[in-house]
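Protein chains in written order, with the numbering used here: chain A, 1 to 337; chain B, 338 to 674. A virtual CB, placed ideally from N, CA and C, is assigned to each residue, including glycine. Quick caveat: nothing in here was measured; it's all calculated off a predicted structure. A quick write-up on the structure given underneath.
Number of protein chains: 2
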Amino acid sequence: MDCCVIPLRHGGLSLVQTTDFFYPLVEDPYMMGRIACANVLSDLYAMGITECDNMLMLLSVSQKMNDKDREKVMPLMIRGFRDAAEEGGTSVTGGQTVINPWIIVGGVASVVCQPNEFIMPDGAVPGDVLVLTKPLGTQVAVNAHQWLEQPERWNKIKLVVTKEEVKEAYQEAMFSMATLNRTAAGLMHKFQAHAATDVTGFGLLGHANNLAAQQRNEVAFVIHNLPIIAKMTAISKACGNLFNLVQGTSAETSGGLLVCLPREQAAKFCSEMKSQSSGAGGQGASGGAWIIGIVEKGDRRARIIDKPRIIEVPPRGSQAANQDNSSTSPDQNPNLS
Amino acid sequence: MDCCVIPLRHGGLSLVQTTDFFYPLVEDPYMMGRIACANVLSDLYAMGITECDNMLMLLSVSQKMNDKDREKVMPLMIRGFRDAAEEGGTSVTGGQTVINPWIIVGGVASVVCQPNEFIMPDGAVPGDVLVLTKPLGTQVAVNAHQWLEQPERWNKIKLVVTKEEVKEAYQEAMFSMATLNRTAAGLMHKFQAHAATDVTGFGLLGHANNLAAQQRNEVAFVIHNLPIIAKMTAISKACGNLFNLVQGTSAETSGGLLVCLPREQAAKFCSEMKSQSSGAGGQGASGGAWIIGIVEKGDRRARIIDKPRIIEVPPRGSQAANQDNSSTSPDQNPNLS
């Protein structure tokens, strides 16, 4: 499970908590703080929990930074973390900072819940539909962006992508990673989700497999569609599948929720995700939701079909993003009908 | 405060939680795990909380270790952490591990409490007595032990201490740091403690100052006695007060609780600390408790008197430890009567 759920000594309540910390992967310290916070909270959201009682921040300040850089960078990172926590309706009241060769940023999210506040991620049934709430490809975008400064690497991908496209994809990845999965968590209740997880280090397929393995029913997850930040598939292929993006194992940071929904609810879930997210400054792509597969009877594993359909998700604000790119209907792909 | 206390949405309950992580300071990985856990839990114990609903473990594995060392060291450290958690009546069900240049070990402790389960650390009144539940000098002992292998350093202290004494002091410090402050937390309720904190990185005086600063009443803490692991005072003096040990600012790791008790309860608290700790394998020194000072009317600061009495605390198991070395009576020092 994404969180630990501890039954308490008091009145049927449970303590649900999670922790995560990692190293900076975007250059903007403020956005990095937001991403770290979104990433920690995401584990609660994956259980359909929309509230958080408290966050702790875990930081290490790099000993290799000079004082000036440190005083500039760390407060921004902390502010980003706090702002995202506030957006999540919670606050940061505790933590610990140490000195280390590397910067580390992360935190702990804790909430005390009644049983109806969370959805145990084990109720998928054959016939359910799989929905993903953020596009894949954050790792590829972050790496490609670093390669702009590394001619040897850049030469390998410059035939399939422009510098401008890489910069746009990087921005898209950054905003996507910084987006809270809170809206999705709320809609999980409204549309009776049966199970969910968030997509992070093991990639879509890794987390789908973990989720499938813990189902009470004998089910299998079959993934037909891969919504991917535009051009990232081409980059991944151009460097010899370095990332295993279309194989589903490219690592994501603060990825979307993978949600199992009753078939009749999935389109409404996607549609509402899209309409709610456009209000939060996240117009277009990463505020969307895509139907990516189905739940069959099976041996509690997940797989991606041979030649899945790639949904190129354009960066928000781009012309393409102003068209409707979210798959809100299961009828778009014959495999799903 | 040592913890954050978050009022919950449910029935008058509060979420109390704390986090701490740091770098290894003893060579034995199992003991290091125990120390890290004791250090995390200590913040709860300082609030008189004896229960813990859940712990998360935070680890970073050093990239500089080879696989063989890593497979040997990390499981031992984890086991030490888990064993100490079990001794604290709790368990570790969550956490995060990353790769880093340095080993990091720490955790998060959380508990959901009713108001009567914790003691807000702000109720000291003039006439109270200050009690400390572990001897000072852990940092000096750990450093002196490293200096056994550094002739230049060793030459500075070899006139005041033998190698055997340094090894004994190191053992004593290690066991003391690995000892949970849970017994003291329980006795805080029994003997109506008015406030407490645990002694860690800022040293006795630093934490005493912090505690004094948050008192509701206008009080000052005056410290007359310093219980210190045997020979550590001599070492500290021999290296030109490098550690500021008798000045009260030498850092401690997983130090004891500094407790403000009503004057008539202090001796009983100390006596019971001593009798309870001898059962837990911690006979003698670090299972003790020492009356170290008094609470006066004042400006919410702490100070150590000029020429405080140094109580040399012998290593447990040594001949000296079998005599009674705990100051269990306020009458031992005229300043306190």
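Residues that residue i contacts on chain B, provided the C-beta gap is smaller than 8 Å
{"i": "A:G94", "result": "C340, C341, Q354, T355, T356"}
Burial state of residue i (16 or more Cβ within 10 Å)
{"i": "B:T499", "result": "exposed"}
{"i": "A:G282", "result": "Annotation note: pLDDT 43 at A:G282 (below 50); position unreliable, coordinate value reported separately. It is buried - the Cβ of A:G282 has at least 16 other Cβ atoms within 10 Å."}
{"i": "A:N39", "result": "buried"}
{"i": "A:R9", "result": "exposed"}
{"i": "B:D404", "result": "exposed"}
{"i": "B:P652", "result": "buried"}
{"i": "B:D406", "result": "exposed"}
{"i": "B:A550", "result": "exposed"}
{"i": "A:N116", "result": "exposed"}
{"i": "B:I642", "result": "exposed"}
{"i": "A:N100", "result": "buried"}
{"i": "B:E509", "result": "buried"}
{"i": "A:P29", "result": "buried"}
{"i": "A:G240", "result": "exposed"}
Own chain partners of residue i with C-beta closer than 7 Å, once the 5 adjacent residues on each side are dropped
{"i": "B:K605", "result": "F528"}
{"i": "A:K208", "result": "It should be noted that the sequence gives Ala, not Lys, for residue 208 of chain A. Here the set comprises F221, I223, L258, A302."}
{"i": "A:L25", "result": "V142, T253"}
{"i": "B:G464", "result": "R600, V632"}
{"i": "A:Q96", "result": "L58"}
{"i": "A:A347", "result": "Nothing can be reported for residue 347 of chain A, as the shown portion of chain A is limited to 1 through 337."}
{"i": "A:T233", "result": "L245, V246, I310"}
{"i": "A:K231", "result": "V161, E165, A169"}
Where residue i meets chain A, residues with beta-carbon distance less than 8 Å
{"i": "B:D390", "result": "I6, L8, R9, L15"}
Any chain B beta carbon closer than 7 Å to residue i
{"i": "A:G281", "result": "Summary for A:G281: the model assigns pLDDT 45, below 50, so the residue's position carries little reliability; its value from the coordinates is reported in the next sentence. Closer than 7 Å: no."}
{"i": "A:S110", "result": "yes"}
{"i": "A:L41", "result": "no"}
{"i": "A:L56", "result": "yes"}
{"i": "A:G284", "result": "In this predicted model, A:G284 has a pLDDT of only 40, less than 50, meaning its place in the structure is not dependable enough to derive any value."}
Test: residue i CB closer than 7 Å to a CB of chain A
{"i": "B:P361", "result": "no"}
{"i": "B:K471", "result": "no"}
Proximal chain A residues relative to residue i, where beta-carbon distance stays under 7 Å
{"i": "B:W286", "result": "The structure shown has nothing for residue 286 of chain B, since chain B only spans 338 to 674."}
Cβ pair residue i, residue j closer than 7 Å
{"i": "A:V108", "j": "A:T200", "result": "no"}
{"i": "A:C37", "j": "A:Q17", "result": "no"}
{"i": "B:A626", "j": "B:T534", "result": "no"}
{"i": "B:L378", "j": "B:L473", "result": "no"}
{"i": "A:I157", "j": "A:I235", "result": "yes"}
{"i": "A:S60", "j": "A:V92", "result": "no"}
{"i": "A:T90", "j": "A:R182", "result": "no"}
{"i": "B:G431", "j": "B:L393", "result": "yes"}
{"i": "A:T133", "j": "A:G256", "result": "yes"}
{"i": "A:V160", "j": "A:A251", "result": "no"}
{"i": "B:Q552", "j": "B:D459", "result": "yes"}
{"i": "B:G370", "j": "B:G443", "result": "no"}
{"i": "A:I35", "j": "A:M177", "result": "yes"}
{"i": "B:A603", "j": "B:V462", "result": "no"}
{"i": "B:I441", "j": "B:F358", "result": "yes"}
{"i": "B:D380", "j": "B:D339", "result": "yes"}
{"i": "A:V73", "j": "A:I291", "result": "no"}
Cβ-based neighbour list, residue i, same chain, cut-off 8 Å, excluding 5 preceding and 5 following
{"i": "B:L579", "result": "S573"}
{"i": "A:L148", "result": "W154, K163, V166, K167"}
{"i": "B:D390", "result": "T427, S447, V448, V449"}
{"i": "B:G543", "result": "G585, T586"}
{"i": "A:P308", "result": "I223, H224, N225, L226, V246"}
{"i": "A:I78", "result": "G33, M57, L59"}
Cβ neighbours of residue i in the same chain (closer than 6 Å, five flanking residues each side left out)
{"i": "B:Y507", "result": "A478, H482"}
{"i": "B:G616", "result": "Low per-residue confidence applies at B:G616: pLDDT is 46, beneath 50, and the placement is therefore not dependable enough to give any value."}
{"i": "B:G523", "result": "T387"}
{"i": "A:T138", "result": "A173, M177, E252, T253"}
{"i": "B:N554", "result": "V462"}
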